[in-house]
Each structure stands twice: as C-alpha cells, then as structure tokens.
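Notes follow once the structure below has been shown.
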Amino acid sequence: MTHKGKDVMALIKQNMVQAINAALSQELERDPDVVIIGEDVGRDGGVFRVSEGLLDRFGPKRVIDTPLAELGIVGAAVGMASYGLRPVVEIQFMGFIYAALEQVFSHASRMRSRSRGAFTCPLVIRTPYGIGIKAPELHSESSEALFCHMPGLKVVMPSSPYNAKGLLASAIRDDDPVLFLEPSRLYRAIKADVPDEPYTLPIGKAEIFQEGKDLTIVAWGAMLHKAAEAAEGLDAEIIDLLTLKPYDEETILNSIKKTGRLVIVEEATRIGGLGAEISAFAAEEAIGYLAAPIVRCAGPEAVVPMARLEDEFRPSTERIRKAYERVMAY
Amino acid sequence: MTHKGKDVMALIKQNMVQAINAALSQELERDPDVVIIGEDVGRDGGVFRVSEGLLDRFGPKRVIDTPLAELGIVGAAVGMASYGLRPVVEIQFMGFIYAALEQVFSHASRMRSRSRGAFTCPLVIRTPYGIGIKAPELHSESSEALFCHMPGLKVVMPSSPYNAKGLLASAIRDDDPVLFLEPSRLYRAIKADVPDEPYTLPIGKAEIFQEGKDLTIVAWGAMLHKAAEAAEGLDAEIIDLLTLKPYDEETILNSIKKTGRLVIVEEATRIGGLGAEISAFAAEEAIGYLAAPIVRCAGPEAVVPMARLEDEFRPSTERIRKAYERVMAY
Amino acid sequence: MTTIDRFEIKRLQVIDESGNADPSVLPSLPDSMYKKFFETIVLARAFNSRALSLQREGRIGTYPSILGQEASQIGSALAFDAADWFVSSFRESGVFVAMGYPMPLLLRYWMGDERGMQCPEGLHIYPMAVPVSSQIPHATGIGMAMTYRGDKKAVAAYFGDGASSRGDFHEGLNIAGVFKAPVVFLCQNNQWAISVPRSRQTAANTIAQRAYSYGMEGIQVDGNDVVAVYKAASEAAARAKAGGGPTLIECHTYRLDDHTTSDDASRYRDKNEVADWQKREPLIRLRLFMEKKGLWTQTYEDGVTNKALEQVDKAVAEAEALAPPLTADIIRYTNKELSPRQLKELKEHGG
Amino acid sequence: MTTIDRFEIKRLQVIDESGNADPSVLPSLPDSMYKKFFETIVLARAFNSRALSLQREGRIGTYPSILGQEASQIGSALAFDAADWFVSSFRESGVFVAMGYPMPLLLRYWMGDERGMQCPEGLHIYPMAVPVSSQIPHATGIGMAMTYRGDKKAVAAYFGDGASSRGDFHEGLNIAGVFKAPVVFLCQNNQWAISVPRSRQTAANTIAQRAYSYGMEGIQVDGNDVVAVYKAASEAAARAKAGGGPTLIECHTYRLDDHTTSDDASRYRDKNEVADWQKREPLIRLRLFMEKKGLWTQTYEDGVTNKALEQVDKAVAEAEALAPPLTADIIRYTNKELSPRQLKELKEHGG
Ligand SMILES: Cc1ncc(C[n+]2csc(CCOP(=O)(O)OP(=O)(O)O)c2C)c(N)n1
Ligand SMILES: Cc1ncc(C[n+]2csc(CCOP(=O)(O)OP(=O)(O)O)c2C)c(N)n1
Ligand SMILES: [Mg+2]
Ligand SMILES: [Mg+2]
C-alpha cells in the first residue's frame, strides 16, 4: 500500500488525538529513554485524552503524573534531558506555559550553547494552542511567535493527523528542544488516513497544501483550513508551514516567485506575530517578484476573548477572503 | 530658556542614569501613589545606582527592597496597581524578567480587559536591556519583541537622557502597564542637556533623529547610535522609535514615502524580532513606494554570547553599512 | 546537634459530624449568624446545581462545581467585610455568592462573557484567575497597598491544594510574610487537583505547615465545619487588620463532584472515597447543630431553599436576557487610550 | 484544637570556633580527609583571590568571591563522588575546584568565554546558572533520571539564601519530595543576597525548616565548620543513593567579600558584622583542630599554599594562552543541526 508517496503496511483512520497518542506510544516503545511527564497525563490520560492508555501500558515510571507546577515540570525535564532521557512534557494549555518561560528561554534553549555541547536538551513540550473549544480564559492562546524568537528552540505545528504523528516522532528524536503546538480545534475535527506503523516527517520542511499560480498563502495549524476554505475558487498556492522555526524559506520563496503575491493568515494578534517574520522575509528576499502588498490577515490587538466572542477574534472566512481580494486586485 | 522647542527653566547635564533617577524622584514627589519596588532598589540604590538616594529621601514605605522573587514582585505590583498605587518595578536585568512573564502576559496586560475596566494596572516595569557592559550570561538580552506581541502592554525604549526622563514620567502616569527598557550601554555613555523640572514626552510617538531623503532607517535604544554612525555620509532619515508598542506607524510611513527605502537596525536575533513587524508593516502599507528590498540588519540566530564575543553579535558598523549599501544600490 | 526551633501544626474543628460543638473552641455567635451560614450555603448550592444543569443544557460553558466545599468558602468569606478585597481562583462561586456578587454576572462569566467579571462598585472582588495560583501574589500586593494607605482592611486569597505546589504560592506568601501584609491565605484543600490526589501533590503532611516557611501563622481547619472555618478566618482577618500580618489557613475539605463539567472523576478516583466524604458534607452537621439549638426545622429549610431557587431563577433569567457582548469590546478594553492601529481595528470590528 | 504534627529544626556543629570537636557528633575520618579539607580550602582560596586580582587588572570580568564560604562549598562537594552530578549557581568556585574541574576552564568562563563551561568527560558539573535559583528544578530532574535509570548516584544542588525566595526553589524541592529524587539541596546561606539581609529575605527563622514543607529531611549546619558540612552532606548523599529521598541542608555561613567585583558592600552593611564573621572564617578553626590532632604545622601550611599558588599560576597561564573563541561558535552551538538560515549566518560570521 502507498500513502503520500511512501510504501506503508497499513492505514487506519485516526483523528489527531489518536495519531498523537500513537506517536507517543510508538516512541515509548522504540526508545527506553522516552518518558511522558505532566499534569494529569497518567491516570487521567491527559485532559484531552492524548495520553490515554499509556500509563497502563508503560507504567508510572515512564508516564509521570506531576504536581501542579509548570516551571518545575519543564525545569525537571531539562535536567532529565541532560542526563540522557528524552522527556515529552505536556502543558495542559498553551496559556499555562508562561510560568515556565524562564526554563524554556533561559535553559532548554540555551543548554547546548552555554555548555558548548557538553550538555544538551532533547526535550519536547507538547501543548494544545488556539481558539475553538469554547474554554475559559487562557485556554485559547496562540503565542507561537514568542517561541520562534528564541534561538535554540524549534517550533512545530501540525495541521492533520498524518503530519501530527510524523512530526511528533521527529520532535522526540530531535537532539534539541522542540515546542510542539497542537491545534486543539483540530484534535477531533478531522479523521484521516494515518499509517499504523511509526514514521517521521522532516522538521524544517513546509508542505504545499494546494498548488496554484496566482497567489501564495502561508498558514499554519488550525488556520490552514480556514485559509484554504477562504481560497476556494482562487488559483492559490497554499503553504502549510508545519515547522514554524526554523521555517522553510525555500518553499515560500519558490512559491512567491511563481505567484507574485503573498497573504499570510494567522490566528494570533497581528503585532509581532509570526506573520510579521514571514512577511519581512519576503520583503527582503522577494520584493522584486511581488506584484502587490504583502498582507497579513491576523487577530486584532486585543486579549483573546472568552467563548462568546472567540470566533470574532480569529480572522473569519470573509476577512480572509477580503485579504486575498485586496492582493488579487493588483 | 528653550530646549527642543519648549520653554524650560533650567537645563542640566545628565547621563541617562541621572535623568531616570530624576524622573523617579520627581514622580515620587508629585504623586503619593507612586512607589518603587524591586531587588536592591533601596539601600543599594539599584545595581546601576538608578534609584540612588531615593530611599533616604522617600523612606522604605515608598522605596521597597524586596526578597529575590521576580514573579512575586511583579505579581505584588499588579495587586498594588489595582488597589490604586502606581508601582514602578525594577527588574535587575531583562534576562531575569522571564520568571515573571506569566504575571506580565496573563495579568498586568489583561487586567483591564478581563474585568472590563473594573480593575486596571498602572504599572511600570523598568529594566536594563542589551549588550554592552561585558556582564555574564543573561545580562544582555534584547527580547523586546516578546513584549510587543502582548496586547495591553506598552513598550518604551529611550535613547538619550532627555527622552528617558520624559518618557519615564509619561510611563508612570500612564493608566496601563508599560515596560520601560533602558539601554544599559547608554546609561553613562552620553551626558546631555536635560530640563531640571519635570516634563513628559508622548508615548506612541517616534522621533526623527536625523532628516534625510534617500533612505529611511528605523532603530531604537542603543542601536540608534550605531545605526546613525553607520549612516554617516548618506542622506538618510533616521527614525528613533522610542515607543516600540504601539509604534508610530505614521512617522515611518511618511518617511518611506519620502525616501523609498527602508533598513531596520536591531540588536536582537533577527527571527521574530521587532524589525520583522516594522518590515511587515511597510510591506503591507508602503510597498508601492519602495524602490528596494526592506532589509533588517539584526543579530544572528544564536544565544547572546558572553563578554568575549558580545560585540560580534550585535550588528557592527560595517555590517550595518553594508545593509544600507545593499538598499542604496537599487 | 542542637534544636534551634520547634513547630506544632494544629487542627481546628468546632462542630463534629454529629453536630456536637466543642465548647472549648465554640465562638459566641448570635443565632442570626448560624442562619446566615445555613442560608448562604443553601443559596450557593442552589446556584451551583443550577449552573451544572445549565451547562448540561449548553446554556453555559465548562463549570467547576463547589459541591462539598461550601463551608470552606462561605465560612471564610463571611469573616470579611465588603470593604475587604477578595482574590480568588476559578472555583469560588460560594465566595462570590456570600459576598453578594450579583449572580447574573457570575453566570455571564461562565457563559464566556467578560462582562461577568466587571465587579460592581462597592465590592472588591478581583476577577477570577484561570492560571492556577497566579493570583496569590496579587493578594500580597493588595495587602501591601492597604498597609501603605493605612487602610484597616484585609485581603482574602483563595486557592487550591494544587496551587500550593506552584512558585507563585511560594513567592506570594514569602513576600507577604516579610512585609506583614494583611492577607488571609485560604487554601481550599479539596484533596484533588484534577486527577492528582493531595498525597501526590506534595510529600508534606499538611499544607498548613508551610506557614512556618514564611514566618506566618498557620492552621488546618476542618473545612466542612463552617463554624471552624469562620472562627479561624475571623481571627486571621482581625489579626491582619491589627497589623499582625498574614495567616495561612488550610481548609481541609473535599470536592464531591468532577473537577469541572469537562471532567470525569470516575476515571481516577475511588467511589468509596467519595461516599465517605459525602457523609461529612457541611450541611449535614450544620443542620444537626442548628436543630439542637432550635434553629432548624424542615419548614425553615424548605423556606430557605425555595427562596434560594427563586433568586437563582431570577439570576438565570437576567443573565440570559442580556444583549450579547459587543465584538468591539474585545478591543475597547485592551487599553485606556487606544492607539491609531487599535482604533482602526475597533472600527473593523464594529466599534 | 488538636496538634496534628510537630517539627524540630536542628543545627549541627562539630568543631567549634576554638577548634574543639564535639565527640558526640565527630565522624571517624582518616587524617587524610582533614588534610584534603585543608588543602582544598587553601587551593580554592588561592584561586579566589587570584580571580579577584585578575578582575582588578581587567583580565577577567565581574567575579563573585567565595571568601568565607569555603567550608560550605568544599565540605559539601567532597561528600560526593565524581559520578555524582553537580548543579550550581554562579558562586561555587570552591565546588568546582573541589571536584577537580580544570581551573583554566573556570577562569575562561569568568573571562566571558563559553568554552569555560564545556565540562570535561568524567565530570558531571552542570554549567553555572546565572538566573538565581533557576537551576534547582534541573537537579530534581537529574535526580529523577538517576532513579529512572537505576543509577545509584546523587545530585548536589547549590543555591543561596536569596534563591530560596524564588518559585523554582519551591517547585523544584516539592517535586523532588514527591518523587524522592536523590538530590541534596545545599543552601549556601551567606546572610546576604546582594544588599538584602537574610532577615528581610524571609520572615522564617531558618531556611532549613522549609524541608518540612516538602516532606523531606532538613538540617541547618554551621557552614564555617567543614566537618559538620561534610558529615551532613555525606549522610544526605548516602540516604539519597539508598532511595531515602532528598535533603535540604542550610549551610549557615557568611559572604566576607562584596557581592561581586561590581558591588560595594560598604553601602549597605555594617563593618562590625563583617569583622565578627571574619573571626569565624572556616580556616581558623580547621587549623586549630588539626594542630591539636598533630596534623597542622606552619611548614605544612606553607607547603600547601605554595603548591596551590603554583597550580593557580599554571591555570592562569593556560587560560590566557588559549586562542580567543571563534565568533562562529556563537551560531555553531545553537543547535545540533543548523538550519539553512543558520548555515548562512555561520558563513557570514566566519564559520
Ligand atoms: C497554571 C495552570 N496549570 C494548569 C491548569 C489546568 N487546571 C485547572 S484547575 C487544575 C487543578 C487545580 O487544582 P487545585 O489547585 O487543587 O484546585 P481545585 O481544582 O481542586 O479547586 C488544573 C491543573 C490551570 N488552570 N492553570
Ligand atoms: C533571577 C535573578 N534575579 C536577580 C539576579 C541578580 N542577582 C545576582 S546574585 C543575586 C543575589 C543572590 O543572592 P543569594 O541567592 O543569596 O546568593 P549569593 O549571591 O549570596 O551567593 C542577585 C539578586 C539574578 N542573577 N537572577
Ligand atoms: Mg484541589
Ligand atoms: Mg546569599
């Protein structure tokens, strides 16, 4: 059987939660140094059930329920990682990683550099991000840009069950720290073919989600699907970034050279978002190819609202469409 | 007497430390709700002596030496601020604010929004940033971009004794939280005329540091002076951003319309820096006026090095000059 | 080896599970106060069970039940005045109700509408904090500001057993200790932090003993005994206002329901444990105690219950009648003065 | 009110200021061990004073002196094996020296050269942590990893009194308590955190008592008594390796010098206090004790000192002879595999 151009033994229909669970399970199996650590990841199987069944299968030494202490968890995981383990931390929601930022920024990201390679930090932090599950405050953050600014740290964001599984496996095998951002809105939204066996997908490579020649659209995570929806009827090339840091400059550049137009669609507040980086990259490297302004379609400069207004925050299909039209008018 | 177009009673020569000290002192005098709080700000007068003499003058109720606890200090200041005080927090170095980011991002910046105006957070966090004093690790951060991405928070960065004093007074009087980033490299580097009396400068306004018509250069803080040095001989318009968030779109736009070229000079690592935002803004709003790529001259994707290599990290005059030349070649 | 210091951890219970009071610690309270306890618990419970059913009907979002914790919340809240400040986590409906926070506002919050946390004038109830324990340093700062202004007030700071494992608990309490901030730290130890039992939250025997780490008074109270909670909190509040500094009170209670409506506690905890604590829930012993004092009859309780249900009905109607929030408010309340960019976005969002 | 728990805080001193040992606690150590204490302290002190003069000459950057704290650092470090892991703050030259960390590397670090923290094979000394206390959770995690692997090793985690006010201290120790991580937490309570005295750092009487907040063993030791420190640390290390969990040891000592070479302690602290502690500095009593045991003579000390000075001289020469660091290394060590962008930047930076 083949899938996405590769020979595979068996395909199963899985949603993203199941695909991530499979990746965790297969990596735990493959490498005795892999451990899962976080709040409620064990007995409860994680608040989104992503680690369901892993405690039963691998025991409490490898699937570790911790006290409520984000900074302590990430800090301890940094220590574990430099001892040689490969901890996979779960932070319950992206909004709760802020307490651990000193550990992420000042330690995980810098351990290799600080010790000139004597100590390393093969650590994965998984956390659900984004709007869409009508949860309380700070359950809907998409602050990926903060992490992309930190040298040493990789940032990965899947958009489908298939790439979630393959990218998570790669993240766990990576010898540097990786922040793995899971779109909570997509956790159970899509069921798709996923190879049953373990596989990896390359970190640092974007995917052409849809080919086209009039307009390049760059999006990532949950917004990819909204960006694609809004592009219906246009001959747009849609790039699924997948790795946010280091992002795939080449794929973006090649597409702009072809289309001459760029729109970036992101969920986060505009100012200082990752969209700014992509735009600035294009404005430096490809301005000669651009026939139109580079437009960022992003959230307003406002705190992500609670459930009642959350859908007004993320760019709507109409707003995205308008952004495409603005650019297509050139 | 007049200074910068305003009538003033007396001018004194001050360096930035003295000017900031004067602003603190005058604001403490003016408003009984102002308090200074932080590690070593009292008896020691701050590790850079910025608050020297204030404890003696205003007493330990208003100049508060705290335990070593960045998150607790910022958190307590959030509470004080919503009770009606105007705390001015000192974080000893920008690299140590990371422990307090949850308080800055999830609380200070959101209090007004979260409570729909019932509680507010008139809080200033002052901290020295940047390379240049040959200090140990994490004493040289310039991670302003992280803060610019957070709705609700203002970010201000002076570049001279004069604007440091006026902007700090404005920050303290502002009814929302302000991060006030002081270029440690400039603390004692420049002595200049500063009005003795209290004055404010508007938050949200950039300054044309130098007029010109061939090239727009945007810079802020310590890099402003390096950017200017490198521009010698060019007819460049140099914009001193001063407020990093919300940055002054209008001044930037007008300048680009005039010059048709834009280079952004920043000290931070390039990816996701504030330069990306400025570039993206221009690429969206002014692409039609641009005759050349927008170039960011920034730090490499690497951890800020310790003393021996720190000068290799910030863009050198030569590197900046090359960036200008690249753009001027169009 | 010399012993340089000694500590004892005490536990306070006033009314036992059979409704008998220990005369050595029974405070002298007017009958009206017992009634107030009873009526507030009934009201809070009515609110809580209505919130749970509204959630099931999709009329509000995820909701964290307070069932079992009413004595801890109400006994403590009633020890404070309206001029005092309240800093809470997300599981304090009982505190909000006890302090007279408008129930329609509370419901609006759980509907996912920020207007629910627009605290009305006259009350000083901080918006709920979703990041666990991050509100604790705020209480310290508010207390420091009270001292600064010379206001004879106190802060009631609520948080859970899980919260006590976080760094902000430590920094907040330590700073409060150093500055003798007038704060009463009320740990609602309900034995669980989602699926993590108290015994796995920390290897310490009690949360109360942490008080000694911060040079403050500390005590464990039977959190299902409203009188014990009230007594300990009143004493702590009085001490705080008199300049005696902060207190850590561990209210030893139990979360009888799931963590929130999104949770299924049967996945991780034993039914027998829950059944056991069910027998100790706070209303049972209060009822028995009041009956012995001639303050409780079934008719009295029925009256109280009916009135509570009516109040809750009215609150639900009022909350649901409110016009939906304005999209523009997202932006409008970000800053006092909006930047040109924000003004542009405000317009785009209908403002 | 019932008492539900009781704690005692103990303090250990073995050798008093006059060099007399308390036989009830004196461990039976070979003479060679006392010599080792003595010689390591002398070496660390020689290193320290040379570092201070190198700084004055502009040959290294800002440097934090360990003067007065040698017993705390060396007594504890020597209680561990080379296979154990060390997690330190920034003021542990004594620990590095005791563990045999190459002094030229240590100097390179203080010259502002990252290569100084490239720990050689065979040692497990974590790079110094500049953000105070942020290293504490690492020790917990390393300990958990040792348990995971079944390695009978321990972690020595160093931090100051100021550090014990931070959240990471709390979270790190609490998690270590829960998982019985084999960590010895060594608080170097030198009475000052820059200008903040211990009494304003926390209202608690001791740092040691915080052990009880985490369900672990805790003790205060006379940190200027190298034998007491060694004894407490050895017992704690042995307990850790035997699965008995972590220990918090408060080494009660004193920072005799300025905070760092950038500091001027005369701005904030009393000369008399310093003079008082000067009398209690660790070498005085060790000398007296060893003399009584016939282990010390002036000739012995002179020999030790000369050898130490030679070693330090050699280290300085070696450190200064090293080629300057490569700019490209900034980028090279950011990630194991560099991205195309990084490779481009590497080239631009001469790599
Ligand atoms: C910082 C943070 N981490 C995780 C969560 C998710 N979460 C919500 S409540 C909770 C458990 C809280 O336990 P406890 O403090 O005991 O309060 P309780 O829920 O028992 O009232 C968790 C982990 C959160 N809200 N904030
Ligand atoms: C998080 C953080 N805040 C502030 C500083 C600046 N600083 C360096 S050392 C120090 C005091 C540390 O005190 P203590 O923990 O007692 O250690 P000591 O210096 O006495 O060895 C401070 C405030 C820092 N390095 N890290
Ligand atoms: Mg709980
Ligand atoms: Mg100290």
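Chains as they are written, first to last, in our numbering: chain A, 475 to 804; chain B, 475 to 804; chain C, 27 to 377; chain D, 27 to 377.
C-beta: ideal position from N, C-alpha, C; glycine also.
The structure presented is a predicted model; accordingly, all values stated were derived computationally and were not measured.
Worksheet item: Quick one: is Thr66(C) buried, meaning 16 or more other Cβ sit within 10 Å of its Cβ, or exposed?
Response: Thr66(C) counts as buried, since at least 16 other C-beta atoms from the protein chains shown sit within 10 angstroms of its C-beta.
Item to complete: Kindly list, in the order they appear in chain D, the residues whose Cβ is closer than 7 angstroms to that of Arg795(A).
Response: In chain order: nothing, as chain D lies at least about 32 angstroms away.
Discussion item. Could you check whether the Cβ of Asn74(C) sits closer than 6 angstroms to any heavy atom belonging to ligand 4?
Written reply: Taking 6 angstroms as the cut-off, the C-beta of Asn74(C) does not count as close to any heavy atom of ligand 4.
Discussion item. I need the residues with a C-beta less than 7 angstroms from some heavy atom of ligand 3; please give them in chain order.
Written reply: Ordered along the chain, residues surrounding ligand 3 are Gly186(C), Asp187(C), Gly188(C), Gln214(C), Asn215(C), Asn216(C), Gln217(C), Trp218(C), Ala219(C) and Arg281(C) [Cβ under 7 angstroms from any heavy atom].
Worksheet item: Should Phe570(B) be listed as close to ligand 2, given that the test is whether its C-beta is under 6 angstroms from any heavy atom?
Response: Yes, Cβ of Phe570(B) sits closer than 6 angstroms to a heavy atom of ligand 2.
Item to complete: Please decide whether Phe185(C) counts as near chain D, where near means a Cβ-Cβ distance under 7 angstroms.
Response: Answer no: the Cβ-Cβ gap between Phe185(C) and chain D never drops below 7 angstroms.
Worksheet item: Can you list the residues of chain A that Arg141(D) reaches, using a CB-CB cut of under 8 angstroms?
Response: Simply Arg590.
Worksheet item: For chain D, is any of its Cβ atoms less than 7 angstroms away from the one on Leu641(A)?
Response: Leu641(A) has a beta carbon lying at 7 angstroms or more from every beta carbon in chain D.
Fill in: Cβ of Ser614(A) within 7 angstroms of any chain B Cβ
For Ser614(A), the answer is no, since every Cβ of chain B falls outside 7 angstroms of its Cβ.
Worksheet entry | ligand 1 heavy atom lying under 6 angstroms from the CB of Arg117(C) | Checking every heavy atom of ligand 1 against the Cβ of Arg117(C), one is found closer than 6 angstroms.
Practice prompt. State yes or no: is the beta carbon of Pro163(D) nearer than 7 angstroms to at least one beta carbon in chain A?
Written response: Any Cβ of chain A closer than 7 angstroms to the Cβ of Pro163(D) would place that residue at the interface, and such an atom is present.
Worksheet item: What whole-angstrom Cβ distance do Met143(D) and Met154(D) have, given they're in contact under 8 angstroms?
Response: About 7 angstroms separates the CB atoms of Met143(D) and Met154(D); that is less than 8 angstroms, so the two are in contact.
Practice prompt. Could you tell me which chain B residues have their CB closer than 7 angstroms to the CB of Pro351(D), listed as they occur along the chain?
Written response: Under the 7 angstroms cutoff, chain B gives Arg782 and Leu783.
Fill in: Distance CB(Gln214(D))-CB(Cys277(D)) smaller than 7 angstroms
Yes, the Cβ-Cβ distance between Gln214(D) and Cys277(D) is below 7 angstroms.
Discussion item. If contacts are defined as beta-carbon pairs under 8 angstroms, then Gly87(C) and Met137(C) qualify, I think. What distance do you get, rounded to the angstrom?
Written reply: Between the beta-carbon of Gly87(C) and that of Met137(C) there is about 7 angstroms, and that keeps the pair under the 8 angstroms contact cut.
Fill in: Euclidean distance between Cα positions of Gln235(D) and Leu38(C)
Each residue's Cα considered, the two are about 23 angstroms apart.
Worksheet item: When you check each C-beta in the region 533-548 of chain A against every C-beta of chain C, which residues fall closer than 7 angstroms?
Response: Flagged, chain order: Asp539, Pro541, Leu542, Ala543 and Leu545.
Worksheet item: Hey, is Glu513(B) close to ligand 2, as in C-beta under 6 angstroms from one of its heavy atoms?
Response: Closer than 6 angstroms to some heavy atom of ligand 2: that describes the Cβ of Glu513(B).
Item to complete: Would you list, in chain order, the members of the region 561-588 of chain B that have their beta-carbon closer than 8 angstroms to a beta-carbon of chain D?
Response: If you check each beta-carbon in the region 561-588 of chain B against every beta-carbon of chain D, the ones closer than 8 angstroms belong to Gly569, Phe570, Tyr572 and Ala573.
Item to complete: Within its chain, find whatever has a CB closer than 8 angstroms to the CB of Val578(B); leave out the 5 residues flanking it on each side and keep chain order.
Response: Taken in chain order, the residues that qualify are Val548, Ile571, Ile599, Phe621, Met624, Leu627, Pro651 and Leu653.
Worksheet item: Out of curiosity, what's the CA-to-CA distance linking Phe106(D) and Pro676(A)?
Response: Taking the Cα positions, Phe106(D) is about 43 angstroms away from Pro676(A).
Fill in: Proximity test, Gln566(B) beta-carbon vs ligand 2 heavy atom, cut-off 6 angstroms
At least one heavy atom of ligand 2 is nearer than 6 angstroms to the Cβ of Gln566(B), so yes.
Item to complete: Rank Leu274(C), Leu335(C), Ile35(C) and Pro351(C) by C-alpha distance to the C-alpha of Tyr240(C) and give the top, closest one.
Response: The alpha carbon of Tyr240(C) has as its nearest neighbour, out of Leu274(C), Leu335(C), Ile35(C) and Pro351(C), the alpha carbon of Leu274(C).
Discussion item. Looking at ligand 1, does it come within less than 6 angstroms of Phe372(C), judged from the CB to the closest heavy atom?
Written reply: Here residue 372(C) is Leu; the residue named in the question, Phe, does not match the sequence. Relative to ligand 1, even the nearest heavy atom lies 6 angstroms or more away from the CB of Leu372(C).
Worksheet item: Unbroken alpha helix (DSSP H) runs of length 4 or more, entirely within the region 77-137 of chain C: which are they?
Response: Correct list: 96-103, 119-124 and 129-136.
Item to complete: State the CB to CB distance for the pair Ala109(D) and Lys206(D), rounded to an integer number of angstroms; the pair is presumed to be in contact (CB under 8 angstroms).
Response: About 19 angstroms; that fails the 8 angstroms criterion.
Worksheet item: Under the DSSP definition of a beta bridge, which residues are partnered with Ala717(A)?
Response: Residue identity differs from the one stated: residue 717(A) is Thr in this sequence, not Ala. Bridge partners of Thr717(A): Val630(A).
Discussion item. Strictly under 7 angstroms for the Cβ-Cβ distance: is Ser753(A) near chain B by that measure?
Written reply: It does; some Cβ of chain B falls within 7 angstroms.
Worksheet entry | Element boundaries [alpha helix (DSSP H), containing Cys622(B)] | From DSSP, the alpha helix (DSSP H) with Cys622(B) extends over Glu618 to Cys622.
Practice prompt. Please confirm if Ala229(C) has its CB atom under 7 angstroms from at least one CB of chain D.
Written response: It does: the Cβ of Ala229(C) has a partner Cβ on chain D nearer than 7 angstroms.
Worksheet item: Ile494(B): which of Gly773(B), Leu641(B) and Val692(B) sits nearest, CA to CA?
Response: That would be Leu641(B), whose Cα lies nearest to the Cα of Ile494(B).
Worksheet item: Where does Asp283(D) fall in DSSP's three states?
Response: It is coil, neither helix nor strand.
Worksheet entry | Interface partners of Lys478(A) on chain C, CB under 8 angstroms | What Lys478(A) touches in chain C: nothing, since even the nearest Cβ is about 34 angstroms away.
Item to complete: Check whether the Cβ atoms of Ala645(A) and Leu748(A) sit closer than 7 angstroms, and answer yes or no.
Response: No.
Discussion item. By the DSSP assignment, the alpha helix (DSSP H) with Asp530(A) in it spans what residues?
Written reply: Element bounds for Asp530(A): Leu528 to Phe532.
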